[in-house]
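2 protein chains.
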Amino acid sequence: MLANLPPNTVERLSLYRRRLLNFPFEEKPFIHSHQLAHLLKINPAHIRRDLMLMGFSGDVHKGYDIKKLIKKIGQTIDCKQIQKVAFVGVGDLGRAVAAYFNNADSRLKIAATFRLTEEPKTQYADVHCYNISKMKSIIRKEGIELIVLAVPPSFAKEISKTIISSGVKGILNFTSVHLEVPKHIYIEEYDMISKLEKLSYFTNK
Amino acid sequence: MLANLPPNTVERLSLYRRRLLNFPFEEKPFIHSHQLAHLLKINPAHIRRDLMLMGFSGDVHKGYDIKKLIKKIGQTIDCKQIQKVAFVGVGDLGRAVAAYFNNADSRLKIAATFRLTEEPKTQYADVHCYNISKMKSIIRKEGIELIVLAVPPSFAKEISKTIISSGVKGILNFTSVHLEVPKHIYIEEYDMISKLEKLSYFTNK
DNA sequence: TTTTTATTGTTAATTAATTCACAAATAAAA
DNA sequence: TTTTATTTGTGAATTAATTAACAATAAAAA
Ligand SMILES: NC(=O)c1ccc[n+]([C@@H]2O[C@H](COP(=O)([O-])OP(=O)(O)OC[C@H]3O[C@@H](n4cnc5c(N)ncnc54)[C@H](O)[C@@H]3O)[C@@H](O)[C@H]2O)c1
Ligand SMILES: NC(=O)c1ccc[n+]([C@@H]2O[C@H](COP(=O)([O-])OP(=O)(O)OC[C@H]3O[C@@H](n4cnc5c(N)ncnc54)[C@H](O)[C@@H]3O)[C@@H](O)[C@H]2O)c1
Chain X
1 MLANLPPNTV ERLSLYRRRL LNFPFEEKPF IHSHQLAHLL KINPAHIRRD
51 LMLMGFSGDV HKGYDIKKLI KKIGQTIDCK QIQKVAFVGV GDLGRAVAAY
101 FNNADSRLKI AATFRLTEEP KTQYADVHCY NISKMKSIIR KEGIELIVLA
151 VPPSFAKEIS KTIISSGVKG ILNFTSVHLE VPKHIYIEEY DMISKLEKLS
201 YFTNK
Chain P
1 MLANLPPNTV ERLSLYRRRL LNFPFEEKPF IHSHQLAHLL KINPAHIRRD
51 LMLMGFSGDV HKGYDIKKLI KKIGQTIDCK QIQKVAFVGV GDLGRAVAAY
101 FNNADSRLKI AATFRLTEEP KTQYADVHCY NISKMKSIIR KEGIELIVLA
151 VPPSFAKEIS KTIISSGVKG ILNFTSVHLE VPKHIYIEEY DMISKLEKLS
201 YFTNK
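Protein sequences appear in the order of chains X and P.
Under this note's numbering, the first residue of the first sequence carries the number 1, and numbering increases by one thereafter.
Under this note's numbering, the first residue of the second sequence carries the number 1, and numbering increases by one thereafter.
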């Protein structure tokens, strides 16, 4: 359980949980590996293997107890205490992610959002939206460890420097800008266009 | 070049292109594998291998000619003719992706967007925004092949049925809902929260 | 009761992805 | 001219991810 899980397993466990939370488990409290696999379009052996890595067991006939599984995934991948997240840049993308995030059950908590001006709104995702100039002090005061960065590309580099010097542990970078970060900061990037272009390539054979 | 490239290579080639398009190649027309690798935080051998798979060669001392490389990536991963894309759901997320998309250079073209009502705006990303009721006929009339789906979860299943029956080839599904699609339709899903939860897991060791 | 059927847990096998390592090439330095 | 230093291109090695396979189990059917 405390063993180091492979990155892909961690990501899948998170996906299993989200799907299961949307599953009518009050009526159907158990699920088989092939059923969950079907929902996620992956191989059933994958699921059994991932759950095994967590040390989670199902019933050989009933399958997996969904409530227990959701709980176990939490114990495995969630941090022990609440870990605070800030959104830097709350335009279309930041707002979409923040809203989506607020529905998700986990031990991550949005503690602040930052943008250039405080107007016209001072709250997003039920937390205060501060002017970017207050970012460093608030990250420190609140003990924010994770950042979702979604500012316009032209500001990304400059803002990332402030973020890094505030002592965060991880950044999910949505800007397409290369950020120079020290090794102890974990950075994850994502590009939706590359997904679309991949889709295009493979639909054209 | 027409060889089947590994999925991860296709995705990376797209990323290389986006980074290179943001690179000042008018002043610095060549780039070395280790420089590009640094920008993308990957291994230089990775880059050399991916370019080799495309059949692209660099100069052993100057490195890779950036303009030529961008062109070669296009010839390799872009479709031959323009391939049309529609955005179904143009809320925060759909708008963010559509706007980002419009900056990106490729042979994909947003041909229409759809949402529940036509008000208050009838254009997004410079194309007309139609009422969802017109989706099927417009997908067919325009020959739209790819869909970016970003509607509220409660509508996703129903809307996906219409999309499928319209004869598209691929769907990039941002809703967290399981969609039943026939095998000949390529579907790609993405979940930002699982990325954040992964970030959380690995920043906590 | 016995047989059939289905599913888990797990090891082994396979496949895919990544990285290493180095020959070949050649510009720049000595 | 000769040496040194780099960097590409690529096969080989390694590592990670995925899938197959099946013994063990026990419910359900016969
Ligand atoms: N990776 C992807 O797939 C992807 C997809 C869409 C958008 N993007 C990128 O995400 C970023 C945000 O996109 P968007 O559509 O939400 O943009 P947007 O213009 O709607 O929002 C930008 C946000 O950043 C804030 N901001 C602007 N300047 C700032 C500053 N100096 N300091 C702090 N905050 C500032 C604005 O107040 C606003 O909240 C862009 O960089 C865009 O290119 C990436
Ligand atoms: N995968 C992820 O990481 C991720 C992240 C954020 C949001 N999401 C999901 O993406 C979707 C969109 O999120 P959002 O924040 O943009 O939501 P939103 O409410 O801002 O936008 C929804 C859009 O869908 C349109 N719509 C509503 N009902 C419709 C119908 N019946 N037919 C056609 N269009 C309809 C609306 O007009 C609007 O344009 C949601 O399902 C959300 O859960 C996923």
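Cβ coordinates follow ideal geometry from the N, Cα and C atoms, glycine included.
Query: What are the boundary residues of the alpha helix (DSSP H) that includes Y210/P?; Result: Given a span of 1 to 205 for chain P in the structure shown, any question on residue 210/P remains unanswerable.
Query: Could you pull out every residue in the same chain whose Cβ sits closer than 8 Å to the Cβ of A98/X, ignoring the five residues on either side in sequence?; Result: F87, V90, I110, T113, Y124, A125, V148
Query: For T175/P, is the beta carbon positioned less than 7 Å from some heavy atom of ligand 2?; Result: yes
Query: So, is the C-beta of T203/P closer than 8 Å to a C-beta in chain X?; Result: yes
Query: Are the stretch 174-185 of chain P and the stretch 147-164 of chain X touching by the rule of at least three beta carbon pairs closer than 8 Å?; Result: no
Query: Closest Cβ-Cβ distance between P7/P and chain X: below 8 Å?; Result: yes
Query: D105/X: buried (16+ other C-beta within 10 angstroms of its C-beta) or exposed?; Result: exposed
Query: Starting from K195/X, find everything on chain P with Cβ-Cβ shorter than 8 Å and list it in chain order.; Result: E11, L172, E188, Y190
Query: Quick one: is the Cβ of V88/P within less than 7 Å of any heavy atom of ligand 2?; Result: yes
Query: If you reduce the DSSP assignment to three classes, tell me which class D92/P lands in.; Result: helix
Query: Measure from the alpha carbon of F155/X to the alpha carbon of each residue in V168/X, E145/X, I138/X, F174/X, then state which is nearest.; Result: F174/X
Query: Looking at chain P, is there any beta carbon in it that lies within less than 8 Å of the beta carbon of E27/X?; Result: no
Query: Could you pull the DSSP bridge partners for N173/P from this structure?; Result: L149/P, E189/P
Query: Give the DSSP-derived three-state secondary structure of V181/P in the structure shown.; Result: coil
Query: Taking T76/P as part of the alpha helix (DSSP H), name the residues at either end of that continuous run.; Result: 66-77
Query: So is T83/X buried or exposed if we call it buried at 16+ other beta carbons inside 10 Å?; Result: Reading off the sequence shown, one finds Gln at residue 83/X, where the question assumed Thr. So Q83/X ends up on the buried side.
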